[in-house]
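Student:
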Amino acid sequence: MKTLFVTFGGGEKRYRAAARRIARQASDTGLFCDTWAVTDLDMYNFAPRLGEHRPFIERSPHGYGYWLWKPYLLDAACNAGFDHVVYADAGCVLNLSSRTPRSRLQDYLELATEHGITLMALQHPERQYTKRDTWECIGLTDEQLDQPQCVGGVLTLRADRAPDLLREWIRWCTTDNYHLLDDSPSALPELPEFVAHRHDQTILSCIAKRSELPVIADETYFDGAWDTDGATKPIWAVRHRWGTSWPIRGAARRLRYRREVKEWKRSKTAS
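Counting from 1 along the sequence shown, just add 437 to a position and that's the residue number in the working numbering.
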């Protein structure tokens, strides 16, 4: 099977460097036939159809058009002659140096072969992170609103089965002048528990629920337990937005140190 690895990093130089860094990681594993390290500087080259929405993207810098590029980029990847596409945000790192996480990545590929896409679930329910106009328009039930939202930053797709899903994702993202995607207020009053809208991730998650796609528990984030619970999982969402390598050993210790530094800086600012 031919598998393509895709990532995106845009804006500051460090984000673009992070995209190149994880693409190098992917290439070094020997598990991928090719890698795409896409940035804001070349995203229209990789996904030419995205150019139709350039005015919206330019006036909506947050996420480069609220991450509208993602379904377009994945659609282009699925039409590039590969069997599978693995997508991970540039802030992720790959934990693929040993047999067990490599085997788990193979599980993701097999799930995608069966269902078109492998999706993971976060801890928070849909009703907290989907604005009302979006879930009303897509047609979620009360029961589905109580189900956890899906992860949008790590996805595995079967190239010949995912295009219908991707086209629907694009359709909802661009409906009503991008209203279901962006941060414009809902016409309908929000639920009391609503926290924030999650844009492309929200719409993908709503489609998955309405289509009754299977979802596995999140295997990308292990706060304080990267070296234990995360040791057997292939993709870590550590938000390492730099071009430097991220040695897997001691990951939990480094993340704890990073949090402590941030807390110290906040305390100094407050004082």
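Note that beta-carbon positions come from the ideal geometry of N, C-alpha and C, so glycine has one too.
I'd like the list of long-range same chain contacts for L531, defined as Cβ closer than 7 Å, with 5 residues on each side in sequence excluded.
Tutor: Closer than 7 Å at Cβ, skipping near neighbours: I459, Q462, A463, T466, P671 and I672.
Student: Excluding five sequence neighbours on each side, which residues of the same chain lie with their C-beta closer than 7 Å to the C-beta of L577?
Tutor: Same-chain partners within the cutoff: E563, C643, K646 and R647.
Student: Roughly how many angstroms separate the alpha carbons of V591 and E656, rounded to a whole number?
Tutor: If you take the alpha carbons of V591 and E656, they lie about 10 Å apart.
Student: P538 and W606: beta carbons closer than 9 Å?
Tutor: Going by C-beta atoms, P538 is not nearer than 9 Å to W606.
Student: For the beta strand (DSSP E) that contains R564, what are its first and last residues?
Tutor: That residue, R564, is in no beta strand (DSSP E); it is neither H nor E in DSSP.
Student: Report yes or no: do three or more beta-carbon pairs, one from the region 596 to 605 and one from the region 479 to 499, lie closer than 8 Å?
Tutor: No, because fewer than three Cβ pairs between the region 596 to 605 and the region 479 to 499 fall closer than 8 Å, the two stretches do not touch.
Student: Quick one: what does DSSP say C529 is sitting in, helix, strand or coil?
Tutor: In the structure shown, C529 sits in coil (DSSP, three-state: anything other than H, G, I, E or B).
Student: Tell me the residue span of the beta strand (DSSP E) that contains C587.
Tutor: It spans P585 to C587 - the beta strand (DSSP E) in which C587 sits, taken as one unbroken run.
Student: Please report how far the alpha carbon of P498 lies from the alpha carbon of Y615, in whole angstroms.
Tutor: P498 and Y615: Cα-Cα distance of roughly 14 Å.
Student: Taking L628 as the reference, give the member of W572, I554 and E551 with the closest Cα.
Tutor: Looking at the Cα atoms, W572 is the closest of the given residues.
Student: Let me check one thing: in DSSP terms, what residues is F442 bridge-paired to?
Tutor: Paired residue(s): T472 and V523.
Student: Going along the chain, which residues of its own chain have a beta-carbon closer than 8 Å to the beta-carbon of Q560, five neighbours each way excluded?
Tutor: Closer than 8 Å at the Cβ level, and outside the excluded window around Q560, lie P585 and D655.
Student: Considering only the alpha carbon of each residue, which of D544, Q543, L533 and C610 lies closest to C574?
Tutor: Taking only the C-alpha atoms, the option nearest C574 is C610.
Student: In terms of residues, what are the limits of the beta strand (DSSP E) holding T665?
Tutor: Segment: none, T665 is in no beta strand (DSSP E) and carries neither H nor E.
Student: Can you check the region 574 to 631 for any beta strand (DSSP E) of at least 3 residues that lies completely inside it and give the ranges in chain order?
Tutor: Within the region 574 to 631, the complete beta strand (DSSP E) runs of at least 3 residues are 585 to 587 and 591 to 595.
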